[in-house]
Amino acid sequence: MLVFISTFVPRECGIATFTRDLFDSLNTGKGIVAMSDRKYHYDERVIGEIKEDKINDYIKIAQKLNNNDDAKLIHIQHEFGIFGGEYGEYILHFLNEIKKPVVITFHTVLPQPEEKRKEIIQKISQKVKAIIVSIFLTEYLAFHYQMVKKKKKNLN
Numbered sequence: 222m223l224v225f226i227s228t229f230v231p232r233e234c235g236i237a238t239f240t241r242d243l244f245d246s247l248n249t250g251k252g253i254v255a256m257s258d259r260k261y262h263y264d265e266r267v268i269g270e271i272k273e274d275k276i277n278d279y280i281k282i283a284q285k286l287n288n289n290d291d292a293k294l295i296h297i298q299h300e301f302g303i304f305g306g307e308y309g310e311y312i313l314h315f316l317n318e319i320k321k322p323v324v325i326t327f328h329t330v331l332p333q334p335e336e337k338r339k340e341i342i343q344k345i346s347q348k349v350k351a352i353i354v355s356i357f358l359t360e361y362l363a364f365h366y367q368m369v370k371k372k373k374k375n376l377n
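Structure follows, in C-alpha cells:
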C-alpha cells in the first residue's frame with residue numbers, strides 16, 4: 222500500500238485537492254494520513270490523522286505505519302504551513318521514527334530560504350529515498366539547498 226501524508230479533503234487546501242486527485246487516480250482504496258489543523262470528518266480513505274501541532278502524533282503515526290505490513294511506501298506532500306513547529310520541523314520527528322521508505326514532493330522551493338528553513342529541508346532530504354519537484358525547481362534545490370541531484374525526480 223502506498224501511504225500519502227498530506228492535507229486531505231474536506232480541508233480546503235490546494236494540496237488536499239491535489240492529493241485526493243492523485244490518490245483516486247491510483248485507485249488504491251485506503252492510505253491517507255491526513256494533516257489536520259482542526260477537526261474534520263474524513264472518509265474511509267483516511268487511515269490516520271496527525272494534528273499538525275502535536276509532536277507525539279508524528280511519532281505515533283510512524284510507529285503505526287512501521288507495524289503495518291501493508292504499508293510499503295510513504296509519500297509526503299510537502300508544503301510550508303502544513304507541518305507544525307518552526308518552518309514545519311515537526312515532520313522530522315516522523316522521519317526519524319519511520320522505518321519504511323519515504324519519498325517527498327516539494328510543492329514550494331524558496332529561492333533564498335532563511336537559514337533555519339534551509340537546514341530543515343536539508344535534513345528532510347537526507348532522510349528520504351527520493352525527492353519529487355517540478356523541473357523548474359531542481360536548480361533551486363541543487364544551488365540554494367545543496368541537495369544531491371540523484372534524489373531529485375523531475376516531472377515534465
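Count along the sequence shown starting at 1, add 221, and that's the number in the working numbering. C-beta atoms are modelled at their ideal positions from N, C-alpha and C, and glycine is treated no differently.
Quick check: the Cα distance between residue i and residue j, rounded to an integer number of angstroms?
| i | j | result |
| --- | --- | --- |
| P332 | R241 | 28 Å |
| G250 | L316 | 24 Å |
| G252 | M222 | 7 Å |
| K275 | I226 | 15 Å |
| G305 | I297 | 14 Å |
| E233 | V267 | 16 Å |
| Q347 | P231 | 32 Å |
Beta carbon of residue i, beta carbon of residue j: below 7 Å?
| i | j | result |
| --- | --- | --- |
| I303 | V323 | no |
| A283 | E336 | no |
| Y311 | Y279 | yes |
| F244 | A237 | no |
| K344 | L313 | yes |
| I325 | H299 | yes |
Measure how close the beta-carbons of residue i and residue j come, nearest whole angstrom, since I'm counting them as under 8 Å.
| i | j | result |
| --- | --- | --- |
| A255 | E270 | 5 Å |
key: Those runs of the beta strand (DSSP E) which lie wholly inside the stretch 298-359 and span at least 3 residues   = Here the runs fully enclosed are 323-327, 351-355.
task = Could you pull out every unbroken beta strand (DSSP E) segment of at least 3 residues lying fully inside the stretch 237-283, listed in chain order?
result = For secondary structure counted as the beta strand (DSSP E) over 3 or more consecutive residues, the stretch 237-283 holds these complete runs in sequence order: 253-257, 267-272.
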